[in-house]
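Encoded as structure tokens, the structure appears first; notes follow it.
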Amino acid sequence: MVVDKLGTTFAALSDPTRRAMIERLSHGPASVHGLTEPFALSQQMISKHIAYLVRARIVIKTKSGRESICTLRPEAIKTVSDWAMSYRRFWEESFDKLEVVVNQMKKEEG
1 MVVDKLGTTF AALSDPTRRA MIERLSHGPA SVHGLTEPFA LSQQMISKHI
51 AYLVRARIVI KTKSGRESIC TLRPEAIKTV SDWAMSYRRF WEESFDKLEV
101 VVNQMKKEEG
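Quick note on numbering: the UniProt record's numbering labels position 54 of the sequence shown as 54, and the sequence is numbered without any gaps.
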């Protein structure tokens, strides 16, 4: 179900470290070691963050020799974007309707 996948994705995106990792991976694949460098976190904590992103299907982790490589799955982020866009249309239409009401109230006051 899309809602369950979105819940998992939003939970993964809720952490600033994981969002920073996603931002880094948006520029291309990176080794786990490469993802560890910018953070003042233990290798174990970084591995937990990566595992969370893998479970959420935002990141794919593959082995290349002795190195693990992480790659972003943009389609996972696109699902969130598509979901948010449907609500954006709803809110824009609601704000347009509100603007009409406010303008009508201003005319009646003036």
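Ideal placement from N, C-alpha and C gives every residue a C-beta, glycine not left out.
Keep in mind it's a predicted model, so treat the numbers as computed, not measured.
If you draw a straight line from the Cα of Thr-71 to the Cα of Ile-77, it is about 13 Å long. Under a 10 Å Cβ-count criterion, Ala-56 is classified as buried, with 16 or more other Cβ atoms of the shown protein chains found around its own Cβ. A contact is defined here as three or more CB-CB pairs under 8 Å, and the stretch 1 to 17 meets this definition with respect to the stretch 79 to 89. In the DSSP assignment, Ile-69 falls within the unbroken beta strand (DSSP E) covering 67 to 72. Comparing alpha carbon positions, the residue from Ser-31, Pro-74 and Phe-39 closest to Arg-66 is Ser-31. Thr-17 is positioned such that its CB atom lies no closer than 8 Å to that of Leu-53. Taking Phe-10 as the centre and dropping the five residues before and after it, the same chain places the C-beta of Val-80 closer than 8 Å to its C-beta, in chain order.
For Ser-64, no alpha helix (DSSP H) encloses it; the enclosing beta strand (DSSP E) starts and ends at 59 to 64.
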